[in-house]
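There are 2 protein chains.
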Amino acid sequence: MKNLGNDHVNLDQKAYNQLKSMILDQNLKSGSKIYQEKLAVDLGISRTPLVNALKKLEQERLITAIPRKGFYIREFSKEEMVNIFELREVLEGLAARRASLRITGSQIKKLNELLTGLKTSEASGSVEKYAKADRRFHHFLIKLGGDDLLFNILETYSVITFSYLVKFRGGLVRPPKETLPEHMAIIEAIINKDPETAEQAARDHFKRSREKLLRDFKEESQNRS
Amino acid sequence: MKNLGNDHVNLDQKAYNQLKSMILDQNLKSGSKIYQEKLAVDLGISRTPLVNALKKLEQERLITAIPRKGFYIREFSKEEMVNIFELREVLEGLAARRASLRITGSQIKKLNELLTGLKTSEASGSVEKYAKADRRFHHFLIKLGGDDLLFNILETYSVITFSYLVKFRGGLVRPPKETLPEHMAIIEAIINKDPETAEQAARDHFKRSREKLLRDFKEESQNRS
DNA sequence: CATAATGATTTTGCATACAAAATTCAATAT
DNA sequence: ATATTGAATTTTGTATGCAAAATCATTATG
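Residue numbers (our numbering), protein chains in the order written: chain R, 12 to 236; chain U, 12 to 236.
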C-alpha cells in the first residue's frame, strides 16, 4: 500500500507535477483563484507542500501571487508572448549552436527520426499531430544543446508557449507547410556540425513566428475597432 | 483608490534578501551547510519563511538542496561559469538590441554618465572601482533592454557572475584597458539606435570574456599537473 | 586498530494550529 | 435601489509539533 523503504517521495515535487499538468490541461483555468485548503484536500496533502509548489510555479511564471490575497493561475498577455518568442529566439539559437558542436551518432539518428515524424504528420494533414511532433523536436533540441541551466530556462518557456498556443491558437503559430522546411534547415545544420548556420536557422525560425504573432495581434486589434 | 495599508512585511521576502546578501558577502561560505533552526533563530523568524527563502534561492541556483539532507551554499564549477557567460552573451545581446530600440533622451544622458564613470575609474587605476562601475553599467543595460522576464533572468545570472568573480578573480575577468573600448562600443551603438550593432557589440564583449575565462581555466589545470 | 553495531541526538518533511487580514453577507441608513 | 457598516466567515502568513531519516557518539567485534 504505502511506499515504504528507501525511495522517499517528495510531496513538494508531487504537488508541483500535478499542478503543472492541471494548468496545462486547463483543469485549473487561467485567471482563477487557488483555494488552498480545498486544493490541498483534493490532492491529498496539506497546505505546506501545496504552497511550496505554488511558489515554485510562481517563479516559473505559470502562477501569480498577490500578497495577502492568494495565488492565481496566470494569464499571459500578447506582449508577454511576443517577449517569450524573442527570448526563445536567442536561447534556442544558442541551444542549436551548442547541439551542433556536441551531437553524437545515435543522437543524429534520433534527430532524423524526429524529422520523419514531422514530415509524415505534415503529410497527414493533422495540425494537432504536427504540433505534437513539433514539440517533441524542440524538446529534443534543447535537451541536446542545453546544459542544466539552459535546459531549465528553455523548458519553462516552452511550456508557457505551449499552454498559450493550445488555448488561443489551436497549437501552432504558423502552418506546417511553412515551418517544416525551417525545421529541416535546423536539423541539417546540426548534423553538418555547422554551429553558425544552426544558430541562425533556429533564430530565423523563431523570428518568423514572432513576427507572424505580432502581425496577427495587430490585425486582431484592428478588427475589433 | 490605491491599495493602501500596505506596510505588511513579508517574512519570506525579508529572509530572502538577508540570505542573499549574506551569501554575496561570504557571511555564509560556499559549500557550508545551512542549519535551519539556528539560522532561523539568528534571523528572528521561524523555519517556515526561512525554508521558503532557501527554496527560492535554490531555484536561482545560489543554493543546493539535497533531499533529506538539507540546504548548502552553492559552489560554482568552472564549467558552469563558462556556461553562464555563454547565456549572458546571447541574453545581454538581446537586451542591448532592445535597449537601442527603446532608449529615451534622459536614458541616453544616464548612459553617458555611466560611461564617464567607467572612464574615470579606469584612469584612476583602481580595479575595484572599475568593477563597480562595470556592474552599474550592466545593471542599467539590462534594466533598459529587459522586460520583466529578461530582466529577472539576467539579474540572477549577473549576481552569480559577480559572486564568483569577487571570490576567485578579484572582480574582473579582463583588465579595464581591454573592456573599456568594448563598453564604449555597446553604448555608442545603443545611442545611435542601431540594434544589430548593439547586439553584436554586447555579444562580442561577453564572448571575449568567456574565451579568456576558458583559457585561464585551461592554463590553471595545466599548471596543476 | 579499523570497522561494525547500537543508541542518543539532531535535522528534515510535513501537518496542524492560530492570529491577523481579507472577504462575504446581512442589516441598516441614505 | 444603492451605499455603508459591521459582524460572521474564509483565507493567508507564520509558528509549532512530531514522526521518520540522518548524523553523531559510544561501545562492541573482527
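Glycine residues also receive a C-beta, built at the ideal position from the N, C-alpha and C atoms.
Just curious, the alpha helix (DSSP H) that G81 of chain R is in, first and last residue? In the first sequence, the residue the question calls residue 81 of chain R occupies position 70. For G81 of chain R, no alpha helix (DSSP H) segment is defined; the enclosing uninterrupted segment is the beta strand (DSSP E) at G81 to I84.
Nearest chain U C-beta to Q211 of chain R closer than 8 angstroms, yes or no? As a working mapping, residue 211 of chain R is identified with position 200 in the first sequence. Not closer than 8 angstroms to any Cβ of chain U, the Cβ of Q211 of chain R fails to qualify, so no.
Name, please, each residue of chain R whose Cβ falls closer than 9 angstroms to the Cβ of K229 of chain U. Translated into positions along the second sequence, residue 229 of chain U becomes position 218. The contacting residues do not exist; K229 of chain U stays about 17 angstroms from chain R at best.
Between the alpha carbons of A212 of chain U and A196 of chain U, how many angstroms are there, rounded? Position 201 of the second sequence, counted from the start, is the residue given in the question as residue 212 of chain U. Position 185 of the second sequence, counted from the start, is the residue given in the question as residue 196 of chain U. Inter-residue distance for A212 of chain U and A196 of chain U is about 6 angstroms (C-alpha atoms, whole angstroms).
Are there 16 or more other CB atoms within 10 angstroms of the CB of R115 of chain U, so buried, or fewer, so exposed? Against the second sequence, residue 115 of chain U aligns to sequence position 104. The amino acid at residue 115 of chain U is misidentified as Arg; the sequence shows Thr. Exposed is the call here.
Can the beta-carbon of A26 of chain U be found less than 8 angstroms from the beta-carbon of A76 of chain U? Taking the second sequence and counting its residues from 1, one reaches residue 26 of chain U at position 15. Taking the second sequence and counting its residues from 1, one reaches residue 76 of chain U at position 65. Not a contact, by the Cβ cut-off of 8 angstroms.
Assign K67 of chain R to one of three DSSP states: helix, strand, or coil. Position 56 of the first sequence, counting from 1, holds the residue named residue 67 of chain R. Looking at K67 of chain R - three-state DSSP - the assignment turns out to be helix.
Exposed or buried, which one is A134 of chain U when buried takes at least 16 other CB atoms within 10 Å? In the second sequence, the residue the question calls residue 134 of chain U occupies position 123. With fewer than 16 Cβ atoms within 10 Å of its Cβ, A134 of chain U is classed as exposed.
Given R58 of chain U, which residues of its chain have a CB within under 8 angstroms of its CB, disregarding the five upstream and five downstream residues? Here the question's residue 58 of chain U lines up with position 47 in the second sequence. Contacts found: Q47, E48 and A51.
Are the Cβ atoms of G128 of chain R and R108 of chain R separated by less than 8 angstroms? Taking the first residue of the first sequence as 1, we reach residue 128 of chain R at position 117. Taking the first residue of the first sequence as 1, we reach residue 108 of chain R at position 97. Not in contact: G128 of chain R and R108 of chain R (Cβ atoms no closer than 8 angstroms).
What does D158 of chain R touch in chain U if you count any residue whose Cβ is under 7 angstroms from its own? Residue numbering aside, residue 158 of chain R sits at position 147 when the first sequence is read from its first letter. Residues of chain U passing the Cβ test: N94.
Which whole runs of the beta strand (DSSP E) in the stretch 80-127 of chain U are 3 residues long or more, in chain order? If only uninterrupted beta strand (DSSP E) runs of at least 3 residues are considered, those enclosed by the stretch 80-127 of chain U are 81-84.
Please confirm whether E100 of chain R and R185 of chain R have their CB atoms less than 8 angstroms apart. What you label residue 100 of chain R is simply residue 89 of the first sequence in a count that begins at 1. What you label residue 185 of chain R is simply residue 174 of the first sequence in a count that begins at 1. Cβ atoms of E100 of chain R and R185 of chain R: not closer than 8 angstroms.
Have a look at R72 of chain U and L54 of chain U and give me their C-alpha separation to the nearest angstrom. Your numbering for residue 72 of chain U matches position 61 in the second sequence. Your numbering for residue 54 of chain U matches position 43 in the second sequence. Using only the alpha carbons, I get a separation of about 22 angstroms.
Would you identify the three-state DSSP class for I56 of chain R, choosing helix, strand or coil? In the first sequence, the residue the question calls residue 56 of chain R occupies position 45. Coil.
Is the beta carbon of L152 of chain R closer than 8 angstroms to that of A200 of chain R? Taking the first residue of the first sequence as 1, we reach residue 200 of chain R at position 189. Taking the first residue of the first sequence as 1, we reach residue 152 of chain R at position 141. It is not a contact, given that the beta carbons lie outside the stated cut-off.
Does any CB atom of chain R fall closer than 8 angstroms to the CB of E97 of chain U? Residue 97 of chain U sits at position 86 when you count from the first residue of the second sequence. Yes - at least one Cβ of chain R is within 8 angstroms of the one on E97 of chain U.
Please go through the stretch 140-212 of chain R and give each complete beta strand (DSSP E) segment of 3 or more residues, from N-terminal end onward. For the stretch 140-212 of chain R, not a single whole beta strand (DSSP E) run of length 3 or above is found.
Would you call K31 of chain U buried or exposed, if buried means 16 or more other Cβ atoms sit within 10 Å of its Cβ? By 1-based counting over the second sequence, the position of residue 31 of chain U is 20. K31 of chain U comes out buried.
Applying the criterion that 16 or more other CB atoms from any shown protein chain within 10 Å of the CB defines a buried residue, is R226 of chain R buried or exposed? Translated into positions along the first sequence, residue 226 of chain R becomes position 215. Result: exposed.
Is the distance from the Cβ of L161 of chain R to the Cβ of L102 of chain R below 8 angstroms? The residue given as residue 161 of chain R occupies position 150 in the first sequence. The residue given as residue 102 of chain R occupies position 91 in the first sequence. Between L161 of chain R and L102 of chain R, the gap from beta carbon to beta carbon is short of 8 angstroms.
Counting C-beta neighbours from all protein chains within 10 Å, is the total for K120 of chain R 16 or more, i.e. buried, or is it exposed? Taking the first sequence and counting its residues from 1, the one referred to as residue 120 of chain R is at position 109. With fewer than 16 Cβ atoms within 10 Å of its Cβ, K120 of chain R is classed as exposed.
Which one of R:V170, R:H149 and R:D23 has the shortest CA to CA distance from E87 of chain R? By 1-based counting over the first sequence, the position of residue 87 of chain R is 76. Glu is not the amino acid found at residue 87 of chain R; the sequence shown has Phe there. Residue nearest to F87 of chain R within the set R:V170, R:H149 and R:D23 is R:V170 (criterion: CA-CA distance).
Check for me: the alpha helix (DSSP H) holding I45 of chain U runs from which residue to which? For this step, residue 45 of chain U is matched to residue 34 along the second sequence. I45 of chain U -> no alpha helix (DSSP H), and no H or E assigned at all.
Separation of P60 of chain R from V20 of chain R, as counted between CA atoms: Mapped onto the first sequence, residue 20 of chain R falls at position 9. Mapped onto the first sequence, residue 60 of chain R falls at position 49. Taking the straight line joining both Cα atoms gives about 12 angstroms.
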